[in-house]
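2 protein chains.
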Amino acid sequence: MSSRRGERVSPEQVDEDRVFKALASSTRRQLLDALKNQARTTGDLCERFPHLDRCTVMQHLRVLEAAGLVIAQRKGRERWNHLDPLPIKHIHDRWIGDYASAAVGMLATLKSDLERRTP
Amino acid sequence: MSSRRGERVSPEQVDEDRVFKALASSTRRQLLDALKNQARTTGDLCERFPHLDRCTVMQHLRVLEAAGLVIAQRKGRERWNHLDPLPIKHIHDRWIGDYASAAVGMLATLKSDLERRTP
DNA sequence: TCGACATGTTATAAAGCTATAACATGTCGA
DNA sequence: TCGACATGTTATAGCTTTATAACATGTCGA
Numbered sequence: 001m002s003s004r005r006g007e008r009v010s011p012e013q014v015d016e017d018r019v020f021k022a023l024a025s026s027t028r029r030q031l032l033d034a035l036k037n038q039a040r041t042t043g044d045l046c047e048r049f050p051h052l053d054r055c056t057v058m059q060h061l062r063v064l065e066a067a068g069l070v071i072a073q074r075k076g077r078e079r080w081n082h083l084d085p086l087p088i089k090h091i092h093d094r095w096i097g098d099y100a101s102a103a104v105g106m107l108a109t110l111k112s113d114l115e116r117r118t119p
Numbered sequence: 001m002s003s004r005r006g007e008r009v010s011p012e013q014v015d016e017d018r019v020f021k022a023l024a025s026s027t028r029r030q031l032l033d034a035l036k037n038q039a040r041t042t043g044d045l046c047e048r049f050p051h052l053d054r055c056t057v058m059q060h061l062r063v064l065e066a067a068g069l070v071i072a073q074r075k076g077r078e079r080w081n082h083l084d085p086l087p088i089k090h091i092h093d094r095w096i097g098d099y100a101s102a103a104v105g106m107l108a109t110l111k112s113d114l115e116r117r118t119p
């Protein structure tokens with residue numbers, strides 16, 4: 001596996017990158033939101049995004065599937081799309097959580113500074 | 001504010017989108033990591049990414065700055081880049097945390113199912 | 001002050017992404 | 001079985017991002 005510039009990267013990094021890239025599109029985040037509480041067929045999703053072409057929805061679903069965020073299974077002539085939140089949890093645990101708690105720490109420091117200054 | 005397709009979106013959505021898009025590049029995530037523990041000058045960052053052109057680094061820094069993830073201040077002829085983790089915390093709180101805890105809930109359910117099955 | 005240094009600006013080629021069109025396949029039920 | 005339906009595939013135009021080049025500006029110190 002190698003990046004555009006040719007250096008080697010680990011499979012985990014590739015997965016992580018795919019998830020971040022999948023989340024980078026607001027349309028795809030909306031699709032995930034639509035799948036959050038229940039699985040839906042592709043046709044159902046298309047109805048919920050009337051401004052998008054059916055092909056566009058499918059293309060986005062393919063990106064989400066490649067990132068492991070959506071799992072699809074065929075039932076007869078329908079395709080049921082299920083959300084899998086695990087990849088999001090992974091990047092949360094390995095990446096985002098650190099920054100979020102750094103921000104909390106920063107705010108805590110700021111708060112105690114302010115309190116010290118205005119007794 | 002309007003998207004590529006012309007529908008209206010709120011300024012918060014735009015900010016959120018900018019943050020997600022900024023995080024979508026592995027190079028930019030590495031830049032953030034380099035700034036995690038200390039602020040650095042642009043020149044310092046360029047030395048740490050020797051495979052990238054100086055202009056490329058600056059362009060990435062501009063994207064990070066537009067997303068509010070990096071705050072820059074000039075000191076003489078140097079530019080010091082500081083990390084601001086707050087925008088990451090925001091998308092964490094408003095978006096990612098939900099999915100991460102959904103994943104935890106899913107795992108918990110699975111675990112208790114397994115335990116019930118193998119007493 | 002003047003040259004080396006750090007950074008900023010503008011332009012551009014190449015690669016990638018988004019949305020759509022046109023056509024193909026597979027499945028259900030009258 | 002056969003037509004309507006749901007989905008799949010391939011191709012493509014237009015826009016965006018990435019990486020670089022060439023040139024410009026501002027600042028420090030000998």
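Residue numbers (full-length UniProt numbering), protein chains in the order written: chain A, 1 to 119; chain B, 1 to 119. Every residue, glycine too, gets a C-beta built ideally from N, C-alpha and C. Owing to the predicted nature of the structure, the values given are computational and were not obtained by experimental measurement.
- Residues of chain A with a Cβ closer than 8 Å to the Cβ of P85 (chain B) are, in chain order, Y99, A100, A102, A103, M106.
- The Cβ of W95 (chain A) sits closer than 9 Å to at least one Cβ of chain B.
- Here K21 (chain B) carries a helix assignment [DSSP, helix/strand/coil].
- A residue is called buried when at least 16 other Cβ atoms come within 10 angstroms of its Cβ; V9 (chain B) does not meet this threshold and is exposed.
- With a 10 Å radius around the Cβ and a threshold of 16 neighbouring Cβ atoms, K21 (chain A) comes out buried.
- For H92 (chain A), the neighbours in chain B by C-beta distance under 8 Å run, in chain order, H92, I96, G97, Y99, A100.
- Contacts with chain B at 9 Å (Cβ-Cβ) do not include V70 (chain A).
- A distance below 9 Å separates the beta carbons of K89 (chain B) and A100 (chain A).
- DSSP lists no bridge partner for H90 (chain B).
- DSSP places L83 (chain A) in the uninterrupted beta strand (DSSP E) bounded by 78 to 83.
- Cα atoms of T42 (chain A) and A102 (chain B): separation of roughly 22 Å, rounded to the nearest angstrom.
- Of the candidates A:R62, A:H92, A:R94, A:R62 places its Cα closest to the Cα of W80 (chain A).
- Beta bridge pairing from DSSP links R40 (chain A) with A:N81.
- By the neighbour-count definition (other C-beta atoms within 10 Å, threshold 16), H51 (chain B) is an exposed residue.
- Per the C-alpha coordinates, the member of A:R94, A:M106, A:L69 positioned closest to L83 (chain B) is A:M106.
- With contacts defined as CB atoms closer than 9 Å, D15 (chain B) and A67 (chain B) qualify as a contacting pair.
- Cβ contact annotation for R29 (chain B) (same chain, cutoff 8 Å, sequence separation greater than five): L23, in chain order.
- Separation of E47 (chain A) and K75 (chain A) (C-alpha to C-alpha, rounded to the nearest whole angstrom) is 19 Å.
- In this structure, DSSP gives V70 (chain B) an extended state, which the three-state scheme calls strand.
- CA-to-CA, the gap between T56 (chain B) and L31 (chain B) works out to about 12 Å.
- If the five residues before and after A34 (chain A) are omitted, its C-beta is found closer than 7 Å to the C-beta atoms of R40, L45, R48, all from its own chain and listed in chain order.
- Among the CB atoms of chain B, one or more fall inside 9 Å of the CB of S26 (chain A).
- Taking D53 (chain A) as reference, the option from A:D98, A:T27, A:T109, A:D17 with the minimal CA-CA separation is A:T27.
- Using beta-carbon distances, L64 (chain A) does not count as an interface residue toward chain B, since no partner is under 9 Å.
- Between K89 (chain B) and chain A, the shortest Cβ-Cβ separation is below 9 Å.
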